[in-house]
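Under the working numbering, the sequence shown has 109 at position 28, and the numbering climbs by one with no breaks.
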Amino acid sequence: MGIEQTVDLKGLLPDELEDLAVSMGMASYRGRQIAAWIYGKGTTDIDEMTNLSKEVRNQLKEQSTILNLQPVKEVWTEDGKTVKYLFELPDRRRVETVLMWDGKRRTLCISSQVGCPLDCHFCATGKMGLVRNLTAGEMLDQLIWVRRFLLERDDDVTNVVMMGMGEPLLNYDPVVRAIRLMNLSYGPQIGIRRITLSTAGHVPGILRLSEEGLKIGLAISLNASNDVQRDQIMPINKKWPIAALLDAARIYQQNLGRRITFEYVLLHGFNDSREDANRLVELVKGIPCKINVIPWNPIDGEPFRRPPRPVIEQFVETIADACITATVRYSKGDDIAAGCGQLFQAPSLSTSQSGPTFC
Ligand code: SF4
């Protein structure tokens with residue numbers, strides 16, 4: 082790595098920080114010290130790195146920066162159990178991050194892209210198109226800021242879901258890098274089994290991830306019980322239809338020994354019949370999995386409806402009768418448009434219209 086340009090230290094792996102330290106004429110262990118300051122203590126000011134000499138700090142300041150994202154807006158649900166943050170990026174683009182309290186869990190839903198190119202029809206983020214990928218540092222900093230907020234209250238993030246704006250597997254390398262940093266023993270220390278990546282069904286990405294050696298959870302946004310149906314709401318299905326997606330899910334499950342989560346957004350009159358539930362059971366038969374049923378969260382301009390409660394219950398009972406674990410996720414935060422499929426940022430940078438995501 083050259084040192085002529087200013088480099089953002091946040092997002093570099095410890096090994097890379099060691100290389101950087103060496104390239105700047107320091108001992109390599111200095112790189113680990115810098116990593117501990119940035120990822121462990123959340124330092125954003127190089128002058129706070131008091132175990133580095135003043136000379137070294139000055140040199141670092143000349144050649145590097147530390148990203149420091151700040152939320153420009155936060156919206157809480159009425160029950161105080163969900164908050165949606167709007168973070169402004171260095172180029173003034175904005176992404177949304179959602180924190181949810183549920184019993185002892187503090188789950189943070191992180192965005193991986195500004196917008197999303199996949200255009201799932203039930204999802205507000207898909208309406209934005211892809212604006213750009215986030216860097217590893219930008220993903221990690223959503224976690225670092227929220228942890229700082231919680232730690233001041235003797236609380237902490239327990240779980241991370243890469244389920245915010247964007248398709249994580251279309252931003253593969255930075256996403257994997259961010260996950261490794263979240264898991265750092267002297268960093269945020271989010272247990273690898275407490276991190277889940279959600280995908281709309283990017284098959285090559287799932288296969289690559291199955292070889293990555295990261296035992297993170299995988300959630301697949303299925304949402305249909307056959308290809309005809311799925312083609313209508315998820316354009317990605319035309320490229321990687323259900324059979325190919327389920328083959329990839331089997332490989333992931335076998336390689337990592339982790340149960341797959343299938344997400345199923347329930348759209349009334351479209352994919353919520355007893356026949357749909359039975360077909361879904363047949364599809365996932367033999368894959369250790371659970372099914373997360375998500376009654377649709379309304380977004381403007383779409384013809385779908387949320388099913389009435391008896392329909393939701395019938396759907397879930399049909400799955401449970403086949404001895405497959407099924408849960409209903411009544412979205413937390415839909416009163417602040419922070420529910421699944423609702424994350425949205427208007428293209429205009431000056432507008433903070435919102436509504437979050439999901440894959
Ligand atoms: S559901 Fe996920 S993959 Fe689909 S458009 Fe929304 S953010 Fe993109």
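Each residue gets a CB set at the ideal place from its N, CA and C atoms; glycine is no exception. Keep in mind that this is a model prediction, so the values were computed, not measured.
Taking 7 Å as the cut-off, the Cβ atoms of residue 406 and residue 366 do not count as close.
Beta-bridge annotation (DSSP): residue 213 is paired with 195. Annotation: residue 238 to residue 268 spans about 13 Å, alpha carbon to alpha carbon.
Nearest Cα to residue 199 within the set 91, 246, 163 and 120: 246. Residue environment analysis places residue 114 among the buried positions, since at least 16 neighbouring C-beta atoms fall within 10 angstroms of its C-beta. Of all alpha-carbon atoms in 403, 178, 173 and 143, the one lying nearest the alpha-carbon of residue 157 is that of 178. Contact between the segment 395–406 and the segment 342–358 is present: 3 or more CB-CB pairs across the two stretches fall below 8 Å. Here the alpha carbons of residue 226 and residue 119 stand approximately 12 Å from one another.
Following the DSSP letters along the chain, one finds residue 240 inside the beta strand (DSSP E) bounded by residues 240–243. The alpha-carbon separation between residue 327 and residue 128 amounts to approximately 51 Å. For residue 130, same chain residues with a beta-carbon under 8 Å away, outside a window of 5 residues either side, are 114, 115, 118, 124, 138 and 141 in chain order.
Secondary structure note for residue 361: its alpha helix (DSSP H) is the uninterrupted segment 355–365.
Secondary structure note for residue 263: it is in no beta strand (DSSP E), and the uninterrupted alpha helix (DSSP H) holding it is 253–263. At the C-beta level, residue 189 and residue 241 come within 7 Å of one another. Judged by DSSP in its simplified three-state form, residue 406 adopts strand. In the three-state reduction of the DSSP assignment, residue 145 falls in the strand class. In the DSSP assignment, residue 169 falls within the unbroken beta strand (DSSP E) covering 163–169. Annotated as proximal: residue 344 and residue 300, with beta-carbon spacing under 7 Å. In the DSSP assignment, residue 298 falls within the unbroken beta strand (DSSP E) covering 298–302. A Cβ-Cβ contact shorter than 7 Å links residue 218 with residue 91. Of the residues assessed, residue 313 falls on the exposed side of the cut-off, its CB having fewer than 16 other CB atoms within 10 angstroms.
Taking the C-beta atoms as reference points, residue 224 is found nearer than 7 Å to residue 263.
Distances from the alpha-carbon of residue 220 to those of 233, 194 and 229 put 194 closest. With fewer than 16 other beta carbons inside 10 angstroms of its own, residue 402 counts as exposed. The beta carbon of residue 331 sits closer than 7 Å to those of 368, all from its chain and outside the five residues before and after it, given in chain order. Counting only residues of its own chain and dropping the five nearest sequence neighbours on each side, residue 210 has a CB closer than 7 Å to the CB of 196 and 198.
If you look at residue 295, you'll find it isn't in any beta strand (DSSP E); DSSP assigns it neither H nor E.
Relative to the ligand SF4, the beta carbon of residue 199 is positioned inside 6 Å of a heavy atom.
Remark: C-beta atoms of residue 281 and residue 248 approach each other more closely than 7 Å.
When only Cα atoms are considered, residue 325 and residue 307 end up about 12 Å apart. Within the same chain, and ignoring the five residues on either side of residue 258 in sequence, the residues whose Cβ sits closer than 8 Å to its Cβ are 92, 94 and 217.
Per the coordinates, the alpha-carbon of residue 236 lies some 28 Å from the alpha-carbon of residue 171.
Here residue 206 carries a helix assignment [DSSP, helix/strand/coil]. If you draw a straight line from the Cα of residue 174 to the Cα of residue 298, it is about 29 Å long.
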